[in-house]
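See structure below.
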Amino acid sequence: MATVSLEKLVKRYGSLEVVHGIDLEVADREFIALVGPSGCGKSTTLRMIAGLEQISGGDLRIGGKVVNDLPPRARNLAMVFQSYALYPHMTVRENMGFSLKIAGMKPEEVAPRVDEAAATLDLTHLLDRRPSQLSGGQRQRVAMGRAIVRDPDVFLFDEPLSNLDAKLRTQMRVEIKKLHAKVQSTVIYVTHDQVEAMTLADRIVIMRDGYIEQVGTPEEVFRRPNSKFVAGFIGSPPMNLKDAEVTDGMLVFANGDRLPLPEKFRDRVSSGQKVTFGLRPDDLYPVGHGIHSGSEADVHKQDLRVLLTEPLGNETLVFSELGGAEWVARMLNPRPLGTGEVLAFCFDLAQAHLFDRESGRSLRGSHGKD
Amino acid sequence: MNENSKARATALTLSIIHKIALFLAMTIICLPGLWIVLASFRPTVEIMAKPPVWVPQDLSFDAYVAMFSGVGQGGIPVIEYFRNSLIISVTSTVIALAIGMAGGYAFARFRFRAKSAIFLGLMLTRTVPGIALSLPLFFVYSRLGIIDTHFGLIMAYVALNVPFTIWLIDGFFRQVPKDLAEAAQIDGCTRWQAFWQVEFPLAGPGIASSGIFAFLTSWNEFALASQLTRSVNSKTLPVGLLDYTAEFTIDWRGMCALAVVMIIPALVLTFIVQKHLVSGLTSGAVKG
Amino acid sequence: MKGWRPPAPFILLLPAIVVLAAVVIVPLVLSLYSSFTAFRLTQPASLYTLIGFRNYQRILTDIEFWAAFGRTVLLLTIALNLEMLLGLGLAMLVEKATSGQRLLRTIMMFPMMFSPILVGFQFKFMFNDNIGLVNNTLQSLGLSSQAIPWLIDGTLAFIAILVAEIWSSTSVFAILILAGLLAMPKEPIEAARVDGCTPWQTFRYVTWPFIMPFAYIAMTIRSLDVARAYDIVKIMTDGGPAKRTELLWTLISRTAYADARMGVANAMAYVAILLSIVFTAYFFRKLSAARTQIAAEW
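Listed below in structure tokens is the structure:
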């Protein structure tokens, strides 16, 4: 039973403020991912929750109780470190049972819990090894085992998969998801990888420079980014974001190229306004090689020259040029394309985004609604 | 083909030269020590013989027997010196380790103002030559009445060993990832428990080597001991060695035997520490 | 929560600072004071006779002092450089050895365990003109017809001391440089060889820059303890013959304890301390620089 709530949480190192009074409510049993580029304050925030960093301002509540000055051991949480932080002088069994031993539990009480956790994670045959005798994936699992043995209120993950190779990472991602389904604890998961955040989390918190940019479900942050930053950060390949100026119901790019202003933004912008136009690669495709979501009226067609292609098998990324900048399009059911070929492309403007160039905020209007 | 065989010949020559050089270097390192050990078993007449007797004719433990037979026979109270050395070295090592562990941990784990200046400051106290330090210490100790006591020399050796012990232990704690102590705290340890359960066992072998190093420094120290000790109450072995030269003629055999007695503990301990000592010194220095 | 608590590092460092203050700093302040007095051990009242800089004036115009000072610097310069060079050579010899490296390394540490006083005694024995191993060997091999007065001739005594000093401290360099060689990644050397470097060029441009910080660590450690040459000299020649091997430290000892002129001795001691600090601080700076360079490049 643990909610976690951050109220105006601040972290300062001397005179340097790195987390600027952030607010966040994590519901019980929720899986929250903190994402952002390195240096955005996500790890610092996690470490404040863990009790490894002093809180400089604001309040942190776990299960409704203010825990600002409590040491980590009084917070009943478990953490999986990026480096795993397994104790090299203990066997896997001792590693996993360590927290229970420290809590004063008798060996005969510890053993069944360690065995159970080991069975869950398929570690039983490794229990008497030392961490140095394990592979990266196995160490990762031991680190998770050490965390679940305690049956904590809150799980903290600090970039747990970043030391694994790509294949193992995908595999462990699935295991973490299964684990959460099973243990039903609150999870706060820090990562710089938006794919991990999207696939794992109930809600995603996108941080930047010590502020929270947006909080929302994976669907929300993908479909309705509040800012240019979120739009560019979430999604792969990243959204096409191009600066333009609004003139007579058209978007005019620096070199004079034009696109029609999407219908839904007609009333929200004025002529002469400097904006950033955003369109995901999924919403830009050669005619006949994609799906539009809204009405046919919102689809704008234009010929573009192919500069480069990246065939991925089931789809091809097509790079072309408009407004003096490079655009990425996603071509489904691809056919071979030649460089220099001119193709008609669909711009699904119903899915387009528009941001104020100055502030970076979305011009969609009140949050949540298109 | 010809070029190949020429290159092979060169390689062979180089390898032979390398082996000879290595052998010579090792001989130079070992010979003085071995010569002393040998001399301690030989009768004085043989040591003094002219022309020299190269092949030992008559080996015996006489020198050792004489040495440990005590003051009564006009000998030197080696047993008392040995005991003084042991008490003083062990006690000062234990204290220096305790202080050094606290200090080394502070340098390895905390950030604080003027850190590197404080570190350099501590190191500089170690550079004060023993003989220069002995002047005021001699004066202060006489006033306090702790000259020629174990306590006085122990204090001096603690101060002598603390800076270097801090340097070494700092290096060993740095080798223990910070994450581990944090993981232990998350696992329910207090900071104190985290230290003893995780950081200390991992840095343990290194700390032990720092201890042995401190012990050897105390065991071998001469400049301070020669001024701060007066009598059999507190004289240590290195000062005792000088007893043999105080007389008009030098008892070479006796001195050699005492030298062997001094070197044996040092020898054993150094073998134990060699691996960790080097890693402690270098890790602190390179990873900074 | 519980009112003001001193920061943790302060508490942890406090014992070290207290001990060093009590045993090193306070006595040194005292000796600084007494270096401005006419203090003689035999006349305790003279501790309160302030004479300003007269002690310093006296030693700075004293030829004997300058001779000892110069000899000390000369000894240190020659010894440290040779130790470094020989240590490097020894480390490379051992690193190249294909088998028994562990044993070699252990033997290499051998001189480190010798107390300087023992080193002094050992070489006094070896260099004894009558029964020493050196003369005996030279004479038996017919390389010298009469006994060479190693410790009796001034220059020869200096050389004998130098040999003892180098024997005892080369291993510090060898061990640390060897640690550097063993820690060094092999790829850059292989790359250099493929790029056509001669062994000398490989050493000069690849190996040496990497092991330099290790050499500086050794230098720093050595300079912390340069004064232990005192022990060696004390027992080998005690500054003799006729003060021809007098070093700063033996001079201090003689002035203070034999002549009982504490004030003057303290003034000399300050010069010696300064000398040590300059050596250490210099290498410490070099070490920091080399360390940042290594951290940036490797």
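Residue numbers (our numbering), protein chains in the order written: chain V, 52 to 421; chain G, 62 to 349; chain D, 71 to 368. All C-beta atoms, glycine included, are put in the ideal place defined by N, C-alpha and C.
Do you know offhand how far Glu247 (chain V)'s Cα is from Gly267 (chain V)'s?
Against the first sequence, residue 247 (chain V) aligns to sequence position 196. Against the first sequence, residue 267 (chain V) aligns to sequence position 216. So the two alpha carbons sit approximately 15 Å from each other.
Contact check, Ala242 (chain G) vs Val219 (chain G), beta carbons under 8 Å
Along the second sequence, read from residue 1 onward, the residue named residue 242 (chain G) stands at position 181. Along the second sequence, read from residue 1 onward, the residue named residue 219 (chain G) stands at position 158. With contacts defined by Cβ atoms closer than 8 Å, Ala242 (chain G) and Val219 (chain G) do not form a contacting pair.
At the level of alpha carbons, what is the spacing between Ile273 (chain G) and Ser146 (chain G)?
Residue 273 (chain G) sits at position 212 when you count from the first residue of the second sequence. Residue 146 (chain G) sits at position 85 when you count from the first residue of the second sequence. Cα to Cα, the separation comes out at about 14 Å.
What is the residue span of the alpha helix (DSSP H) that Asn214 (chain V) lies within?
Position 163 of the first sequence, counted from the first residue, corresponds to residue 214 (chain V). Run containing Asn214 (chain V): none; DSSP gives neither H nor E here.
For Glu282 (chain G), does the three-state DSSP call read helix, strand or coil?
Indexing the second sequence from 1 puts residue 282 (chain G) at position 221. In the three-state reduction of the DSSP assignment, Glu282 (chain G) falls in the coil class.
Ordered along the chain, which non-local residues of its own chain (more than five positions away) have a Cβ less than 7 Å from that of Arg309 (chain V)?
Position 258 of the first sequence holds residue 309 (chain V). Answer for Arg309 (chain V): Met301, Leu302 and Val303, listed in chain order.
Measuring alpha carbon to alpha carbon, tell me which residue in G:Ala175, G:Ala318, G:Thr278 and G:Thr251 is nearest Val223 (chain G).
To locate residue 223 (chain G), count along the second sequence from 1; it is residue 162. Scanning G:Ala175, G:Ala318, G:Thr278 and G:Thr251 for the CA closest to the CA of Val223 (chain G) turns up G:Thr278.
State the beta-bridge partners of Ala395 (chain V) as determined by DSSP.
Along the first sequence, read from residue 1 onward, the residue named residue 395 (chain V) stands at position 344. DSSP lists V:Asp354 as partners of Ala395 (chain V).
Identify whether Asp110 (chain V) lies in helix, strand or coil by the three-state DSSP scheme.
Looking up residue 110 (chain V) in the first sequence gives position 59. In the structure shown, Asp110 (chain V) sits in a strand (DSSP, three-state: E or B).
Partner residues on chain D for Ile227 (chain G), Cβ-Cβ distance less than 8 Å
Residue numbering aside, residue 227 (chain G) sits at position 166 when the second sequence is read from its first letter. Among the residues of chain D, those whose CB is under 8 Å from the CB of Ile227 (chain G) are Ala86, following chain order.
My output table needs one value for Thr107 (chain D): the three-state DSSP class, helix, strand or coil.
Working through the third sequence from its first residue, we reach residue 107 (chain D) at position 37. Judged by DSSP in its simplified three-state form, Thr107 (chain D) adopts strand.
Does any C-beta atom of chain V lie closer than 8 Å to the C-beta of Ala167 (chain G)?
Locating residue 167 (chain G) in the second sequence gives position 106, counting from the first residue. Cβ-Cβ to chain V under 8 Å: no for Ala167 (chain G).
Coarse secondary structure for Ile73 (chain V), derived from DSSP in three states:
For the purposes of this step, residue 73 (chain V) is identified with residue 22 of the first sequence, where counting begins at 1. Correct three-state label for Ile73 (chain V): strand.
Out of V:Ser322, V:His351 and V:Gln324, which one is the CA nearest neighbour of Leu330 (chain V)?
By 1-based counting over the first sequence, the position of residue 330 (chain V) is 279. The shortest Cα separation from Leu330 (chain V) among V:Ser322, V:His351 and V:Gln324 belongs to V:His351.
Express the C-alpha separation of Ala285 (chain D) and Trp115 (chain G) in angstroms, rounding to a whole number.
Taking the second sequence and counting its residues from 1, the one referred to as residue 115 (chain G) is at position 54. Taking the third sequence and counting its residues from 1, the one referred to as residue 285 (chain D) is at position 215. Near 40 Å, if we compare the C-alpha coordinates of Ala285 (chain D) and Trp115 (chain G).
Against His79 (chain G), what residues of chain D qualify as contacts under a CB-to-CB distance less than 7 Å, listed in chain order?
Translated into positions along the second sequence, residue 79 (chain G) becomes position 18. Result: Leu163 and Lys166.
So what does DSSP say about Trp278 (chain D), is it helix, strand or coil?
One-based indexing of the third sequence puts residue 278 (chain D) at position 208. In the structure shown, Trp278 (chain D) sits in a helix (DSSP, three-state: H, G or I).
Using a Cβ cut-off of 7 Å, pull out every chain G residue sitting near Arg124 (chain V), in sequence order please.
Taking the first sequence and counting its residues from 1, one reaches residue 124 (chain V) at position 73. Here the neighbours are Gln246, Gly249, Cys250 and Thr251.
Counterpart residues of Ala129 (chain V) in DSSP-defined beta bridges
Taking the first sequence and counting its residues from 1, the one referred to as residue 129 (chain V) is at position 78. Beta-bridge pairing links Ala129 (chain V) to V:Phe206.
Going by other Cβ atoms of all chains shown within 10 Å of its Cβ, with 16 needed for buried, is Ser312 (chain G) buried or exposed?
Along the second sequence, one-based indexing puts residue 312 (chain G) at 251. It is Asp, not Ser, that sits at residue 312 (chain G) in the sequence shown. Result: buried.
Quick one: what's Asp407 (chain V) bridged to in DSSP?
As a working note, residue 407 (chain V) is residue 356 in the first sequence. Asp407 (chain V) is bridged to V:Val326.
If I measure Cβ to Cβ from Ile129 (chain D) and keep anything under 6 Å in the same chain, skipping five residues before and after, which residues do I get?
Position 59 of the third sequence holds residue 129 (chain D). For Ile129 (chain D), where only same-chain residues beyond five positions count, the Cβ hits under 6 Å are Phe135, Ala337 and Met338.
Would a check of beta-carbon distances place Asn281 (chain G) closer than 8 Å to chain D?
Position 220 of the second sequence, counting from 1, holds the residue named residue 281 (chain G). A Cβ of chain D is located within less than 8 Å of the beta carbon of Asn281 (chain G).
What residues match up with Met301 (chain V) in a beta bridge as DSSP calls it?
Here residue 301 (chain V) corresponds to residue number 250 of the first sequence, with the count starting at 1. Per DSSP, V:Thr298 and V:Pro311.
Check whether chain G comes within 8 Å of Phe354 (chain D), counting only Cβ atoms and requiring the distance to be less than that.
Taking the first residue of the third sequence as 1, we reach residue 354 (chain D) at position 284. Yes, Phe354 (chain D) lies at the interface with chain G (some Cβ there is under 8 Å from its Cβ).
Compare the C-alpha of Arg381 (chain V) against each of V:Pro332, V:Phe396 and V:Gly364 and name the closest.
Within the first sequence, residue 381 (chain V) is the residue found at index 330, counting from 1. When each option's Cα is compared against that of Arg381 (chain V), the closest is V:Pro332.
Segment contact flag, the stretch 169-181 of chain D with the stretch 85-92 of chain G, C-beta cutoff 8 Å, min 3 pairs:
In the pairwise beta carbon analysis, the stretch 169-181 of chain D is classified as touching the stretch 85-92 of chain G: at least three pairs are separated by under 8 Å.
Arg69 (chain G) lies in the beta strand (DSSP E); which residues open and close that run?
For this step, residue 69 (chain G) is matched to residue 8 along the second sequence. Element bounds for Arg69 (chain G): not the beta strand (DSSP E) but the alpha helix (DSSP H), Asn63 to Ser101.
Just by C-beta distance, which residues in the stretch 154-168 of chain V are closer than 7 Å to chain G?
So the list reads Ala154, given in the order they occur along the chain.
What residues in its chain sit with their C-beta under 8 Å from that of His404 (chain V), if we drop five residues either side in the sequence?
Here residue 404 (chain V) is taken as the residue at index 353 of the first sequence, counted from 1. Non-local C-beta neighbours of His404 (chain V) in its own chain, meaning closer than 8 Å and more than five positions away in sequence, comprise Pro276, Ala282, Met290, Phe328, Gly329, Leu330, Ser413 and Arg415, ordered along the chain.
Nearest residue (CA-CA) to Ile285 (chain V), options V:Leu85, V:Lys62 and V:Val69
For the purposes of this step, residue 285 (chain V) is taken as residue 234 along the first sequence, with counting starting at 1. Of the candidates V:Leu85, V:Lys62 and V:Val69, V:Leu85 places its Cα closest to the Cα of Ile285 (chain V).
DSSP on Gln113 (chain D), reduced to helix/strand/coil?
Numbered from its first residue, the third sequence carries residue 113 (chain D) at position 43. In the structure shown, the three-state DSSP call for Gln113 (chain D) is strand.
Contacting residues, own chain, Cβ-Cβ under 6 Å from Ser293 (chain D) (five flanking each side not counted)
Here residue 293 (chain D) corresponds to residue number 223 of the third sequence, with the count starting at 1. Within the same chain, Ser293 (chain D) has close Cβ partners Phe349, Thr350 and Phe353.
Short Cβ contact (8 Å threshold) for Glu58 (chain V) with Gly90 (chain V):
Numbered from its first residue, the first sequence carries residue 58 (chain V) at position 7. Numbered from its first residue, the first sequence carries residue 90 (chain V) at position 39. Taking C-beta atoms as the reference points, Glu58 (chain V) and Gly90 (chain V) fail to come closer than 8 Å.
For the beta strand (DSSP E) that Gly267 (chain V) lies in, which residues bound it at each end?
Locating residue 267 (chain V) in the first sequence gives position 216, where the first residue counts as 1. Unbroken beta strand (DSSP E) run through Gly267 (chain V): Tyr262 to Gly267.
Could you work out which residue in G:Leu181, G:Ser203 and G:Ala264 is closest to Phe225 (chain G) when comparing CA atoms only?
As a first step, residue 225 (chain G) must be located in the second sequence, where it is residue number 164. Nearest of G:Leu181, G:Ser203 and G:Ala264 to Phe225 (chain G), Cα basis: G:Leu181.
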